[in-house]
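Below you'll find the structure, written out as structure tokens, and then a few comments.
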Amino acid sequence: DAGITQSPRHKVTETGTPVTLRCHQTENHRYMYWYRQDPGHGLRLIHYSYGVKDTDKGEVSDGYSVSRSKTEDFLLTLESATSSQTSVYFCAISGTAKNIQYFGAGTRLSVL
Amino acid sequence: DQQVKQNSPSLSVQEGRISILNCDYTNSMFDYFLWYKKYPAEGPTFLISISSIKDKNEDGRFTVFLNKSAKHLSLHIVPSQPGDSAVYFCAASVETSGSRLTFGEGTQLTVNP
């Protein structure tokens, strides 16, 4: 168990509402990532962080923002949720092993 | 532009036989490759990896082969077991990219008893 906790695990929300997903790690790893998983697309990188307050965009970043104020926490925010953001969201971390990422259990988000 | 592709959405094999999962990539800068396994309602778990300086890496029942000239890698599972039934994702990275991974679409492996 890589010591990654995602919260909430399930969320149902309405179009236009803000949503924040939280990823918490106990491994003190430098890198943290947010992915979304959709049928036919595998996992796609939304944003990632390479240190406190250091973040960068991934391939599907539109409509999402992130923040990392502490090493252990990486927040993903949907400012105004849309139905196209219904997905399963995974947080990942990477540490000493080269390029190997370890994943949380996921958050299933439904935007109605 | 799908840089990593798994062309088979599903694969079904008999218990005890070999499972071969395939993955193709287009970006010649990729130099590190990984396979992940995912069960329903769980996060992906790391299975095995290979660096571009090798053409084979083995870990128990799992072997990954890399053919750089063809930009192709494969995962062999021998012998296959019902507990191996899961979705398998291949992923690729460039070592200097801050460990960003690009994933394929996944292949659902079903191992029948």
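Protein sequences, first through last, are from chains S and U. Numbered by our numbering, the letters in the first sequence go through residues 6 to 117 in order. Numbered by our numbering, the letters in the second sequence go through residues 2 to 114 in order. A virtual CB, placed ideally from N, CA and C, is assigned to each residue, including glycine.
- Within chain U, no C-beta atom comes less than 9 Å from the C-beta of S:Phe-79; the nearest is roughly 15 Å away.
- For U:Ser-50, the CB contacts under 6 Å within the same chain, skipping 5 residues up- and downstream, are Leu-35 in chain order.
- Under DSSP, U:Ala-93 forms a beta bridge with U:Phe-34 and U:Thr-103.
- Around U:Gly-105, the beta-carbon contacts reaching into chain S at under 8 Å are Gly-47.
- Nearest neighbour of U:Ser-75 by Cα position, chosen from U:Glu-59, U:Asn-28 and U:Met-30, turns out to be U:Glu-59.
- Taking a beta-carbon distance threshold of 9 Å, S:Ile-9 counts as an interface residue toward chain U.
- Contact note: U:Glu-16 does not reach chain S at a C-beta cutoff of 9 Å; the least C-beta distance is about 27 Å.
- Straight through space, the alpha carbons of U:Arg-62 and S:Arg-14 are spaced by roughly 33 Å.
- Residue range 20-26 is occupied by the beta strand (DSSP E) that includes U:Tyr-26.
- Rounded to whole angstroms, the separation of the alpha carbons of S:Leu-117 and U:Arg-101 is 31 Å.
- A check of alpha carbon separations from S:Asn-33 across S:Val-24, S:Thr-91, S:Phe-79 and S:Ala-86 identifies S:Phe-79 as the nearest.
- Shown here, S:Gln-90 sits in a helix according to DSSP, grouped into three states.
- Among the CB atoms of chain S, one or more fall inside 9 Å of the CB of U:Tyr-37.
- Of all C-beta pairs linking the segment 30-47 of chain S to the segment 18-29 of chain U, fewer than three are shorter than 8 Å, placing the two stretches out of contact.
- U:Gly-84 carries a helical assignment under DSSP once its states are collapsed to helix, strand and coil.
- For chain U, the residues of the segment 66-98 of chain S that bring a beta carbon within less than 7 Å of one of its beta carbons are Phe-95, in chain order.
- Note on S:Gln-106: 16 or more other CB atoms within 10 angstroms of its CB, so buried under the neighbour-count rule.
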